[in-house]
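Chains as they are written, first to last, in the working numbering: chain U, 297 to 640; chain S, 297 to 640. We put the CB at the ideal spot given by N, CA and C, even for glycine. Source: prediction; values computed, not measured. The structure appears below as structure tokens.
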């Protein structure tokens with residue numbers, strides 16, 4: 297696995313810590329670690345388990361958080377991020393993880409790895425905690441404006457993911473909209489729903505879902521454009537944080553409730569763990585000829601180790617091959633009007 | 297105040313209960329109650345306080361939840377909803393509250409009351425609980441696709457509302473986007489931000505905010521299109537519900553934590569109250585020549601009484617007059633390109 301050592305607020309220390317933690321769950325992993333060797337060597341000396349399975353590939357260059365995607369693409373050819381992606385392209389690594397600049401990572405990954413045949417744009421996907429477990433949502437910001445065909449492609453990719461990686465036999469797919477009725481919503485979501493209703497693919501298409509269906513776990517795969525998906529994800533994160541803050545305030549509001557909180561602490565910690573965003577860290581860029589996972593830039597080693605776990609899951613389940621096959625099936629027979637557009 | 301007695305899942309009983317509760321806070325209110333007299337009379341006999349300040353206006357017709365907006369507009373001319381709106385138009389009532397079909401209410405209100413000069417479309421606005429108090433968000437679903445000028449109008453309406461109704465001296469306004477940087481996001485939000493940055497109006501324009509800024513209370517007024525706003529609102533509701541469910545599960549997970557929960561019950565009830573969606577009930581349709589408030593269809597009397605309270609606040613603060621004046625100021629001097637489009 298290829299790792300961008302220099303991305304993220306607390307890189308590279310956070311990255312190496314995450315690598316160490318990930319080895320408990322995925323002991324067979326071997327790493328190519330791209331970054332500034334003088335900074336990485338002492339870290340590996342402190343983490344001997346990581347050192348034993350890691351090869352450092354030195355580069356002094358790193359993409360900055362403030363860099364624009366186009367700029368990073370032009371001038372970041374020797375950056376740790378770019379070289380880590382190249383390793384996947386060159387077959388040296390099975391997947392790449394970076395906690396760096398999201399826009400730059402998406403641009404570089406798309407440029408180097410290219411999209412799968414028929415897939416116009418890769419989508420950023422992540423798990424969402426739900427009442428019944430977890431759902432996959434995509435896109436989360438890779439594509440700000442999406443047409444119906446983009447949404448259909450996201451549905452195919454998400455469904456394959458849920459089947460292959462999560463092992464669900466017959467995952468359900470819903471499109472995020474402002475109402476469950478067929479007549480409501482944007483033109484693009486209505487068209488996408490029509491295509492998915494008519495498809496021969498074994499997609500269990502639920503139809504439209506609303507914002508509150510995300511946390512309710514109404515469907516296994518939530519399809520939306522990157523603008524809406526990004527805002528929904530962050531709104532959910534913000535609301536969970538608000539609720540947690542209110543809970544803390546409430547429990548501190550009297551001596552008796554503080555005692556109650558003390559007694560309930562194990563339970564409250566369990567709640568905290570269930571809602572912990574680090575557990576859901578690791579956004580997958582689906583639809584490329586290669587595996588690329590984005591770790592949150594502001595989190596810690598535990599979160600990074602989760603992103604490594606997500607990458608390992610993707611590697612072992614050949615998701616991309618299945619996306620390719622399913623997408624081809626969607627448009628087989630007479631070539632579909634929209635497929636032709638997407639391929640052009 | 298004009299009340300649609302027949303809208304909402306538990307109408308008309310829930311409606312009359314809400315009217316009774318609202319009289320504690322707004323004792324001077326007088327009601328025109330539109331609906332099926334044979335069903336309303338016994339309810340008023342049970343609620344004598346309401347009966348003393350209410351005049352029933354009988355109609356057997358009611359808009360159904362399943363009715364499409366256009367259909368309700370055509371065939372619902374004698375519905376309780378329509379007659380209640382007419383009462384505002386005719387100057388018989390200062391505002392109207394309905395818990396009925398949202399699409400029908402918006403269509404009828406827009407048709408009967410008309411938009412304010414220069415305002416192309418009314419917007420649905422509601423309060424959101426935040427870390428620091430509450431913020432106003434609009435639009436929440438009245439307008440599925442919005443251009444830059446629509447968003448600018450929402451900003452003006454929201455800012456006036458926050459100043460007049462909430463009494464904030466200098467409310468801050470932000471546009472919901474996928475990043476805080478100027479270069480990110482949809483064309484429409486970027487254009488709207490440019491217009492708001494350049495305006496002479498006393499709008500404290502914060503710039504872009506992200507989904508997690510909603511609950512953080514980063515700005516007083518959150519501007520977005522109706523598609524995104526509706527999904528953000530419902531995602532937040534769903535997440536709060538999920539968190540509440542997880543909390544309940546956690547506290548029941550052991551005997552000791554159950555005891556802890558018992559001790560902390562007053563604090564937990566306080567939390568429940570702070571997050572109670574009934575407290576934030578009452579979505580305002582801003583930008584019309586008249587006050588129209590939508591109450592949630594699936595809630596109870598307490599929630600309906602809150603919607604009546606929201607209507608009373610709007611009535612006493614002449615929001616519409618100020619929106620008209622501010623919007624005129626936004627485009628005074630040389631007529632603005634976009635304003636001309638909006639007025640055409």
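In this structure residue 298 (chain U) touches residue 383 (chain U) by the C-beta definition: roughly 4 Å separates them, less than 8 Å. DSSP, reduced to helix, strand and coil, places residue 426 (chain U) within a strand of the structure shown.
Taking all protein chains shown into account, residue 402 (chain S) has 16 or more neighbouring C-beta atoms within 10 Å of its C-beta and is therefore buried. By the Cβ test, the segment 537-545 of chain S is not in contact with the segment 391-407 of chain S, since fewer than three Cβ pairs between them sit closer than 8 Å. With respect to chain U, the C-beta atom of residue 462 (chain S) has no partner C-beta closer than 8 Å. Going by DSSP, residue 336 (chain U) is part of the alpha helix (DSSP H) stretching over 333-342. In this structure, residue 450 (chain S) lies away from residue 432 (chain S), with their beta-carbon atoms at least 8 Å apart.
Membership of residue 381 (chain S) in the alpha helix (DSSP H) is indicated by the continuous run 376-385. Distance check between residue 574 (chain S) and each of S:447, S:601 and S:372 places S:601 closest, using alpha-carbon atoms only. Using a Cβ-Cβ distance cut-off of 8 Å, the segment 465-478 of chain S and the segment 498-517 of chain U are not in contact, since fewer than three pairs of beta carbons, one from each stretch, lie closer than that value. Assigned with DSSP and collapsed to three states, residue 401 (chain U) falls in helix.
Nearest CB-CB separation between residue 600 (chain U) and chain S: not below the 8 Å threshold. If you check the CB distance, residue 497 (chain S) and residue 417 (chain S) do not come in under 8 Å. Considering only beta carbons, the part of the segment 555-571 of chain S lying closer than 8 Å to chain U consists of 555, 556, 557, 558, 559, 560, 561, 562, 563, 564, 566, 567, 570 and 571, in chain order.
When Cβ-Cβ separations below 8 Å define contact, residue 437 (chain S) makes contact with chain U.
Residue range 597-612 is occupied by the alpha helix (DSSP H) that includes residue 607 (chain S). If you check the CB distance, residue 526 (chain U) and residue 437 (chain U) come in under 8 Å.
Separation of residue 599 (chain S) and residue 516 (chain S) (C-alpha to C-alpha, rounded to the nearest whole angstrom) is 23 Å. Excluding residues up to 5 positions away in sequence, 536 lie with their Cβ nearer than 6 Å to the Cβ of residue 571 (chain U) in the same chain. Taking the Cα of residue 357 (chain U) as reference, the smallest distance to any Cα among U:375, U:421, U:349 and U:326 is reached at U:375. DSSP places residue 347 (chain U) in the helix class (H, G or I) of the three-state scheme.
Buried is the label assigned to residue 425 (chain S), since at least 16 other Cβ atoms lie within 10 Å of its Cβ. Taking C-beta separations shorter than 7 Å and ignoring five residues to either side along the sequence, the partners of residue 577 (chain S) in its chain run 591, 592, 595, 599, 602 and 603, following chain order. A direct Cα-Cα distance of roughly 10 Å separates residue 326 (chain S) from residue 347 (chain S).
For residue 353 (chain U), DSSP records a beta bridge to U:330.
When Cβ pairs closer than 8 Å are counted between the two stretches, the segment 547-554 of chain U is seen to touch the segment 547-566 of chain S, the count reaching three or more. Its chain contains 455, 458, 459, 500, 516 and 517 as the residues whose beta carbon lies nearer than 7 Å to that of residue 467 (chain U), once the 5 sequence neighbours on both sides are disregarded; these appear in chain order. Where residue 448 (chain U) is concerned, the enclosing alpha helix (DSSP H) starts and stops at 444-460. The C-beta of residue 532 (chain U) comes closer than 8 Å to at least one C-beta of chain S. When C-beta distances to chain U are compared with 8 Å, the residues of the segment 490-518 of chain S below that value are 506, 507, 508, 509, 510, 511 and 512, in chain order. Linking residue 587 (chain S) to residue 355 (chain S) through their CA atoms gives a straight-line distance of about 22 Å.
Contact of residue 429 (chain S) with chain U by beta-carbon distance below 9 Å is absent, the smallest such distance being about 12 Å. Counting C-beta atoms within 10 angstroms of its own C-beta, residue 353 (chain S) has 16 or more neighbours from the protein chains shown and is therefore classed as buried. Restricting attention to S:335, S:406 and S:522, the CA atom closest to the CA of residue 589 (chain S) is found in S:406. Apart from the 5 residues on each side of it in sequence, residue 446 (chain U) sits with its Cβ closer than 7 Å to the Cβ of 416, 417 and 439 in its chain, given in chain order. Chain order gives the chain S residues near residue 549 (chain U) as 563 and 566, where near means a beta carbon separation below 7 Å.
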